[in-house]
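2 protein chains.
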Amino acid sequence: MVDAAIQSGTADRDCMFEAFARRLPTGRRYGVVAGTGRLLELIRQFRFETEELTWLAENSVVRTPTLDYLADYSFNGNVWGYQEGEAYFPGSPLLLVESTFAEGVILETLILSVLNYDISVASAAARMVSVSLGRPIAEMGSRRTNEHSAVAAARAAFIAGFASTSNLEAGRQWGLPTMGTAAHSFILLHDSEEEAFQAQVDAFGAATTLLVDTYDVPAGIALAVRIAGPELGSIRIDSGDLPTVVAAARAQLDSLGAVNTKITVTSDLDEFAIAALSASPVDAFGVGTSVVTGSGEPAAGLVYKLVAHKGHGDDWISVAKTSTAKLSIGGRKNALRRVDAIGTAQEEIILLGEGPGTEGQHDSRSGLERALLVPLIIDGTVDARFLGPAGTLRARAHNASVMQELPIEAFRLGRGEAVIPTTYR
Amino acid sequence: MVDAAIQSGTADRDCMFEAFARRLPTGRRYGVVAGTGRLLELIRQFRFETEELTWLAENSVVRTPTLDYLADYSFNGNVWGYQEGEAYFPGSPLLLVESTFAEGVILETLILSVLNYDISVASAAARMVSVSLGRPIAEMGSRRTNEHSAVAAARAAFIAGFASTSNLEAGRQWGLPTMGTAAHSFILLHDSEEEAFQAQVDAFGAATTLLVDTYDVPAGIALAVRIAGPELGSIRIDSGDLPTVVAAARAQLDSLGAVNTKITVTSDLDEFAIAALSASPVDAFGVGTSVVTGSGEPAAGLVYKLVAHKGHGDDWISVAKTSTAKLSIGGRKNALRRVDAIGTAQEEIILLGEGPGTEGQHDSRSGLERALLVPLIIDGTVDARFLGPAGTLRARAHNASVMQELPIEAFRLGRGEAVIPTTYR
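For the record, the sequence lines run as chains A and B. Residue numbers for the first sequence follow this note's numbering, so the first one is 1 and each next one is one higher. Residue numbers for the second sequence follow this note's numbering, so the first one is 1 and each next one is one higher.
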C-alpha cells in the first residue's frame with residue numbers, strides 16, 4: 001500500500017486513522033484498555049534498520065522510493081487515545097492517529113497487535129478481580145502463551161488489578177510485584193515430601209508457601225505444619241474439587257493451630273471458578289491459562305480504519321467503507337463519558353465531526369461529561385508520563401478509579417450487553 | 001525452586017523432564033507439533049545477562065550461590081522430541097529433557113511458552129488446510145495477536161501447510177513466502193475507487209489483487225475489470241455472505257471475459273467457514289484471527305513434568321504426582337507409532353521405563369512401528385538441521401507426510417476423540 005501510494009502521490013495526504021472495536025467480546029459488559037504504555041514506547045522506537053531494508057530490497061517487496069522513505073521513517077504525527085486502564089464500549093474511539101497516510105498505515109499492525117492482545121488480557125483480568133472480593137490474584141500464566149506475550153500479559157493483568165506475577169522479566173521491565181512458588185517437580189525431586197518441605201523451609205523460613213497436593217492433601221497439610229510449625233505462611237492446593245478441598249484444609253489447619261496459615265489455590269481458575277469460591281476460605285488465587293488467553297476471547301477484535309483525510313485541501317473529508325457488511329462510521333471523533341450525579345457512568349458519547357482535544361467546547365454540558373481522549377504523542381513526541389513502570393502504575397490507578405464508576409451490572413459474569421449505551425452526536 | 005534446591009544439595013541431581021498434553025484441545029482428533037525450531041535456538045541462546053542478574057540481586061529474588069549458578073548457566077544436557085510437524089495425541093511425550101534439576105527446571109517456562117502457542121496455531125492451521133481442498137491459504141492474522149506471537153504464528157501456520165504470510169518479518173527471519181494486499185484504507189485514501197484501482201494497477205500491473213467490496217461489490221468488480229482489463233490477476237472480497245457473493249462475483253467476472261481472474265476471500269474465516277466454501281469458486285483464502293488464536297484453543301495445554309531422577313545412585317527412579325486429580329504417568333519413556341500395511345496410523349505406543357533412543361531394540365516388532373523421538377540436543381549441542389529456514393521447510397515437509405498417514409476420520413471437523421488410541425507398554 002505504501003509503495004503504491006508513494007507512486008500515486010497520495011502517501012503524504014494528511015489522514016486520521018482510528019482504532020476501535022465494533023463489539024465487545026461475546027457477552028461482556030465492558031472492556032479495559034491496555035497496552036498503551038508498551039505501544040507508545042514501540043512507536044517511539046519504530047525504525048527500519050539495514051537488515052530489514054536489505055531484505056525488502058533483495059526480495060523486491062517494495063521499490064527504491066519506498067525503501068528510501070522507510071529508511072528515514074520515524075513517526076512524527078499525533079496520537080490521542082483512551083487512557084490506559086480506561087473502560088471502553090462498542091465504537092469507543094480508542095486510539096486516533098493523525099499523520100500522513102504512509103506514516104499512519106505503517107503502524108497498523110503494531111498498534112493492533114499490541115492493543116488486541118493486551119486488551120484481551122486486561123478485559124479478562126478485570127472480571128476476575130471484580131469477583132475475587134479483594135483477595136489477591138497472582139498472574140501465573142507465562143507457560144500458556146508465547147514467551148513475549150507472557151511479559152505483556154503480566155503487565156496487562158496488573159493494570160486490571162492483579163496483585164503480582166510469577167514472570168520475573170515483567171518484574172524487571174515493568175516494576176511489577178513478583179512471586180514464586182514451588183512446583184510438584186520440586187517435591188518429586190526429593191527423596192520424600194518431608195525432605196522437600198524441610199529443604200524449602202530451610203531456604204525460606206516458615207513464612208513460605210508449601211505445595212501440599214503432590215501425594216495426599218490431608219497428609220501433606222499435617223506434614224507441612226509439623227515441619228514449619230503453626231507459623232507456616234501458606235499452603236498451595238493445585239488440584240481437586242476446590243470448594244471441598246479448601247474447606248477441609250482450613251478446618252485441618254485450624255485444628256493444628258495454624259490459624260494464620262493462608263490458603264492459596266491455583267488450578268485452571270477463571271472468573272467463574274473464582275466466583276464459585278466466593279464463600280470458601282481462600283486467601284489468594286493464582287491464575288494461569290485463562291487470563292493470558294483472554295478467558296475465551298484471545299483477541300479483542302479491534303480494527304484500525306482510515307476515517308478521514310484532507311484530500312487536496314485543508315478540510316477533513318470523512319471516509320468509510322459503505323458496502324453492506326462490517327460498516328464503519330467515518331470522520332474525526334471525540335468521546336465523552338456521561339456520569340450521573342452520584343458518579344455512575346450512564347452513556348458513552350461519540351462526538352462526530354470533531355477532532356480530539358475539542359472537549360473544552362463542551363464545558364457548558366456540565367462537569368458530568370468526562371473527556372476520554374488524552375494526547376499521547378504530539379508532533380512525534382511521546383508523553384513520558386505514560387511510559388515504563390510509572391505509566392503502568394498510573395494505568396492501574398486509573399483502572400481502579402474507572403471500575404468504581406461503572407454501574408454494578410457491569411460486574412455480572414453472565415452474558416449480556418454493554419453496560420452503557422454508545423450514542424453518537 | 002532452584003535457590004532452595006541449590007541450598008538442599010539436590011539441584012544437580014540428574015533428572016528427566018517431559019512435556020506432554022493430557023488431552024487434545026476440545027473435540028480435536030489430532031494435534032500438530034510446532035515451535036521446535038524456535039525453541040532449540042532459544043535454548044541455545046539462553047543466558048542470564050548482567051542486567052537480569054543485577055535485578056535478581058537487588059530485589060533479593062535469589063541468593064548469591066544461585067546468582068553464581070545463573071551467571072554461568074547454559075544448557076548442557078540432552079533433549080529428544082517429536083519432530084516438528086509431527087502429529088501427536090494425548091500423552092505423547094513431545095519433548096524429553098535430560099539434565100540436572102536446575103538446568104532443566106529453568107527451561108520450563110520457555111519450553112512451554114513456545115510449544116503451547118506454536119502448537120495451538122499449527123493444530124488449528126492443519127484443520128484449515130485439510131478442508132481447503134488444495135486451495136492456498138495465506139496467514140494474515142498478525143494484527144490479532146501479540147506483535148512477537150505474530151511472527152511465530154506465521155511460521156507455525158506455514159509448517160501446517162499455509163502457503164504464505166502477510167508478516168514480512170516472518171519472511172525475513174524464517175524464509176516464508178510473503179504476500180500483501182491493499183486494505184480499505186488504500187481505497188478510501190483516494191478521491192474515488194477508480195483512482196485507487198488505477199494507482200494500484202499503475203504500481204503493480206494488471207496481475208495485482210484489487211479489493212472490490214469498499215462501496216458496492218458488483219460495481220467494484222466492473223470497475224476493476226474495466227481498469228485492469230480481463231488480465232486482472234485477482235479480486236479480494238472481505239465481507240458479506242461469502243457463498244452468495246463469491247458465486248455472483250465469479251459469474252460477473254466470467255461475463256466480463258475475466259475468466260482467469262481469481263477470487264480471494266478473507267473475512268473472519270476459520271476451518272468451518274472454509275469448509276462451507278467447498279463448493280464455491282474460491283481460488284485462495286486469507287485467514288487471520290482464527291489461526292493466530294488457535295481457533296478457540298489459544299494454548300495447547302502442554303505441561304512439563306519431572307518424570308524421573310537418579311536420586312543418590314545411578315538408577316533412574318520414576319516419579320509422579322499421585323493425588324487424585326491431574327494424574328501424570330512417571331518414568332522415562334519412548335514412543336512409537338504403529339501403522340498398518342497400507343501406511344495408516346493405528347496406535348500411539350508409549351514405552352514405559354525406557355529412555356529415548358532405545359527404539360533399535362524394537363526392530364523385531366517390524367518396520368510398521370515408526371520411532372517418534374529424535375535427538376534434538378545432545379550434550380548441549382543442537383542438531384542444526386532443525387534450525388532456521390531449512391528447519392522450517394523440513395518441518396513443513398514432515399507435516400505433509402504425516403498428514404498422509406492419519407486415518408481419514410482425523411479430518412472431520414466435528415467434535416470427536418483422538419483418531420488413534422494411546423497405549424502404554
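For glycine and all other residues, C-beta sits at the position ideal for the given N, C-alpha and C.
What's the C-alpha gap between residue i and residue j?
i: E271(B); j: L352(A); result: 38 Å
i: P218(A); j: Q252(A); result: 8 Å
i: S318(A); j: K305(A); result: 11 Å
i: Y215(A); j: Y82(B); result: 30 Å
i: D426(B); j: F411(B); result: Only positions 1 to 425 of chain B appear in this structure, which leaves residue 426(B) out of reach.
i: I432(B); j: I235(B); result: No information on residue 432(B) is available, as it lies outside the stretch 1 to 425 that chain B covers here.
i: A183(A); j: M1(B); result: 8 Å
i: F48(A); j: S60(A); result: 16 Å
i: L133(B); j: A199(A); result: 58 Å
i: V344(B); j: H398(B); result: Val is not the amino acid found at residue 344(B); the sequence shown has Thr there. Each residue's Cα considered, the two are about 15 Å apart.
i: L368(B); j: E347(B); result: 11 Å
i: V151(B); j: R250(B); result: 34 Å
i: E194(B); j: T66(A); result: 23 Å
i: Q45(B); j: A384(A); result: 33 Å
i: Q7(B); j: A203(A); result: 7 Å
i: R144(B); j: G288(B); result: 7 Å
i: H362(A); j: T26(A); result: Low per-residue confidence applies at H362(A): pLDDT is 49, beneath 50, and the placement is therefore not dependable, though the value from the model is reported in the following sentence. About 33 Å.
i: E52(A); j: I329(A); result: 36 Å
With DSSP collapsed to three states, give me the class of residue i.
i: P375(A); result: strand
i: V382(B); result: strand
i: H309(A); result: strand
i: D315(A); result: coil
i: S267(A); result: coil
i: M16(B); result: strand
i: Y73(A); result: coil
i: S364(A); result: With a pLDDT of only 40 at S364(A), under 50, the local geometry of the prediction cannot be trusted, and the value read off the model is given with reservation. Three-state DSSP puts S364(A) in a helix.
i: F285(A); result: strand
i: A199(B); result: helix
i: Y30(A); result: coil
i: N334(B); result: strand
i: A153(A); result: helix
i: Y424(A); result: strand
i: T83(A); result: What sits at residue 83(A) in the sequence shown is Gln, not Thr. It is coil, neither helix nor strand.
i: E103(B); result: helix
i: V62(B); result: coil
i: S234(A); result: strand
i: N78(B); result: strand
i: L277(A); result: coil
i: Y88(A); result: strand
i: G323(A); result: Checking the displayed sequence, the identity of residue 323(A) turns out to be Ser instead of Gly. S323(A): coil per DSSP, three-state reduction.
Measuring from the CB of residue i, is there a heavy atom of the ligand NAD at a distance below 7 Å?
i: I227(A); result: Of ligands this structure carries none, so the ligand NAD is not represented either.
So residue i and residue j are supposed to be a Cβ contact under 8 Å. How far apart are they, rounded?
i: G35(A); j: A154(A); result: Not confirmed; about 13 Å, so no contact.
i: S120(A); j: G294(A); result: 3 Å
i: L189(A); j: F101(B); result: 5 Å
i: L242(B); j: V212(B); result: With 8 Å as the limit, L242(B) and V212(B) do not qualify as a contact, their Cβ atoms being about 13 Å apart.
i: V225(B); j: S280(B); result: Actually they are not in contact, since the Cβ atoms of V225(B) and S280(B) sit about 20 Å apart, beyond 8 Å.
i: L56(A); j: W80(A); result: Not confirmed; about 31 Å, so no contact.
i: N76(A); j: E98(A); result: Not confirmed; about 11 Å, so no contact.
For the segment 8-27 of chain A, enumerate the residues whose C-beta is nearer than 8 Å to any C-beta of chain B, in chain order. Those residues of the segment 8-27 of chain A that come within reach of chain B (Cβ to Cβ, closer than 8 Å) are S8, T10, R13, C15, F17.
Can you give me, in chain order, the residues of the segment 153-169 of chain B that have a beta carbon less than 9 Å from any beta carbon in chain A? The segment 153-169 of chain B vs chain A, Cβ under 9 Å: A153, S166, N167, L168, E169.
Contact the segment 153-167 of chain A vs the segment 123-136 of chain A: 3+ CB pairs below 8 Å: In short, these stretches touch, since the Cβ pair count reaches three.
What are the residues of the segment 67-81 of chain B that lie near chain A, defined by any Cβ-Cβ distance shorter than 9 Å? Correct list: empty, as no residue qualifies.
Any residues in the segment 202-215 of chain A with a beta carbon nearer than 8 Å to a beta carbon of chain B? Which ones, in chain order? Along the segment 202-215 of chain A, the positions whose C-beta sits under 8 Å from a C-beta of chain B are D202, A203, F204, D213, T214, Y215, read in chain order.
According to a CB-to-CB cut-off of less than 7 Å, which residues of the segment 293-307 of chain A neighbour chain B? For the segment 293-307 of chain A, the set of positions with a beta-carbon nearer than 7 Å to some beta-carbon of chain B reads T293, P298, A299, K305, L306 in chain order.
With contact counted as at least three CB pairs below 8 Å, one residue from each stretch, are the segment 8-16 of chain B and the segment 65-85 of chain A in contact? With the cut-off at 8 Å, the segment 8-16 of chain B and the segment 65-85 of chain A do not touch.
By the 7 Å beta-carbon criterion, what residues does the segment 111-127 of chain A contribute toward chain B? Flagged, chain order: L112, S113, V114, N116, Y117.
Relative to chain B, which residues along the segment 28-57 of chain A have a C-beta separation below 8 Å, given in chain order? Residues passing the 8 Å Cβ filter: L42, E51, E52, W55, L56.
Output, in sequence order along the chain, the residues in the segment 260-285 of chain B whose CB is closer than 7 Å to any CB in chain A. Going along the segment 260-285 of chain B in chain order, one finds no residue with a Cβ nearer than 7 Å to chain A.
Going along the chain, which residues of the segment 87-112 of chain B sit with their C-beta nearer than 9 Å to a C-beta in chain A? For the segment 87-112 of chain B, residues whose beta-carbon sits nearer than 9 Å to a beta-carbon of chain A comprise F101, G104, V105, E108, T109, L110, I111, L112.
Is the number of C-beta pairs between the segment 299-314 of chain B and the segment 17-24 of chain B that are closer than 8 Å three or more? The segment 299-314 of chain B vs the segment 17-24 of chain B: in contact.
Positions along the segment 393-404 of chain B whose CB lies within less than 9 Å of some CB in chain A: Listed by position, the residues of the segment 393-404 of chain B near chain A (Cβ gap below 9 Å) amount to none.
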